[in-house]
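Heads up: the structure comes next, in C-alpha cells.
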Amino acid sequence: MGKKGKTVQGNILLRVRKDLCLGCGLCAEICPRKAISLSSGLGQIDQSRCHHCGLCLDVCPQGAIVEITVMSRRALQETVAGLKGKADDLVARIEKLKEQ
3 MGKKGKTVQG NILLRVRKDL CLGCGLCAEI CPRKAISLSS GLGQIDQSRC
53 HHCGLCLDVC PQGAIVEITV MSRRALQETV AGLKGKADDL VARIEKLKEQ
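Just add 2 to wherever you are in the sequence shown, counting from 1, and you've got our numbering.
As C-alpha cells, this is what we get:
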C-alpha cells in the first residue's frame, strides 16, 4: 500500500477490487482529479483522469484499491521465457544433485 501522498510510477494502473469495495466513497472524496466515482454502489476509477497520486490507496479502509502492473505483450513474453529458462536450469541442477 502507499504512503501518504505517494506517487504511483511507471506502468501502473489503479483498480478497485469489487470484492473488497464497500462503496463508502472515501476514495472519491479524496481524489483531487475527481477520477473516482461510485457506480452501482462501488468505486470506479476513470484512468484518463487519474494522475496516480496514491491518495486513494491510503484512504481506503478495505484495501480495495490495488496497483496493477501493465506490461506489453512482448515484455510479458520475454519475462516468461526468462523464467522458463531459469526453471529449466534449476531442474537440471536438481537432477544432477539426485545423481550424487
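We put the beta carbon where it would ideally sit given N, CA and C, even for glycine.
Beta carbon of residue i, beta carbon of residue j: below 8 Å?
{"i": "histidine 54", "j": "isoleucine 14", "result": "yes"}
{"i": "leucine 57", "j": "isoleucine 32", "result": "yes"}
{"i": "arginine 51", "j": "alanine 37", "result": "yes"}
{"i": "valine 61", "j": "leucine 28", "result": "yes"}
{"i": "serine 41", "j": "alanine 30", "result": "no"}
Does the beta-carbon of residue i have 16 or more other beta-carbons within 10 angstroms, so that it is buried, or is it exposed?
{"i": "valine 93", "result": "exposed"}
{"i": "isoleucine 47", "result": "buried"}
{"i": "glycine 4", "result": "With a pLDDT of 41 at glycine 4, under the threshold of 50, the predicted position of this residue should be treated as unreliable, though the coordinate-derived value follows. Per the 10 Å Cβ criterion, buried."}
{"i": "leucine 99", "result": "exposed"}
{"i": "leucine 85", "result": "exposed"}
{"i": "leucine 78", "result": "exposed"}
How about residue i: is its Cβ closer than 7 Å to a heavy atom in the ligand ZN?
{"i": "isoleucine 70", "result": "The ligand ZN is not part of the structure shown, which contains no ligands of any sort."}
Only counting the same chain, and skipping five residues up and downstream in sequence, which positions put a Cβ closer than 8 Å to that of residue i?
{"i": "isoleucine 70", "result": "Ile14, Leu15, Leu16 and Arg17"}
{"i": "glycine 25", "result": "Leu40, Gly43, Leu44 and Gly45"}
Once you ignore the five residues that flank residue i on each side, which residues in its own chain have a CB closer than 7 Å to its CB?
{"i": "lysine 20", "result": "Leu44"}
{"i": "leucine 22", "result": "Gln64, Gly65 and Ala66"}
- Query: Which residue spans inside the segment 38-93 form an unbroken alpha helix (DSSP H) run of at least 4?
  - Reply: 57-61, all fully within the segment 38-93.
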